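Notes to accompany the following structure.
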Amino acid sequence: MVPPAMLTLASYSFGDALLTVLEVALFVAWLCLLFYVFADIFRSHDLSGFAKALWCLFIIILPWLGSLIYIIARGNGIHERSVAQQKASEDAFRTYIRQTAGTQGSASIDELERLSNLHKQGSLSDEEFEKAKSTLLAAQQSQ
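This is the structure:
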């Protein structure tokens, strides 16, 4: 006598396997669409909180239909909001890099300029100037 599990596996054809792969691919595509739509809903600044809640509720109750209607109704702004968010992130990153790189370099340049002015005025001797300059440059290199 053959166990029932073996009968089920024996009746699972290659076509059934392809259908399962297609179903899994569609499910993954639907999840990607769902996350993308939810991200756009919460990224959108032109929707009120009530409108966001209604869209979320509609998409939770009727996921396929809600997602498709959202894309049809608000599809023209999805790309624009995505690009605006990426641009804002890139600008913030570039500003951070400029601030971080600028503070270390400009502080040492200002200090060197101040030392040079003191040396030119005669407030610092040649030895004192060279010692202060080497100390400042060594501190800059250690950072």
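In our numbering, the protein residues as written are -1 to 141.
Heads up, the beta-carbon is just placed ideally off N, CA and C, and yes, glycines get one too.
On a predicted model such as this, the values are computed, not experimentally measured, just so you know.
- By the Cβ rule, the region 82 to 91 does not count as touching the region 105 to 121, because fewer than three pairs are nearer than 8 Å.
- Secondary structure of Gly47 (DSSP, three-state): helix.
- DSSP, read as helix, strand or coil, puts Tyr34 in helix.
- In this structure, Tyr68 sits near Val35, with a CB-CB distance shorter than 7 Å.
- The DSSP-derived three-state label of Gly73 is helix.
- The straight-line gap separating the alpha-carbon atoms of Leu134 and His117 is approximately 15 Å.
- For Ser80, the secondary structure class from DSSP, reduced to helix, strand or coil, is helix.
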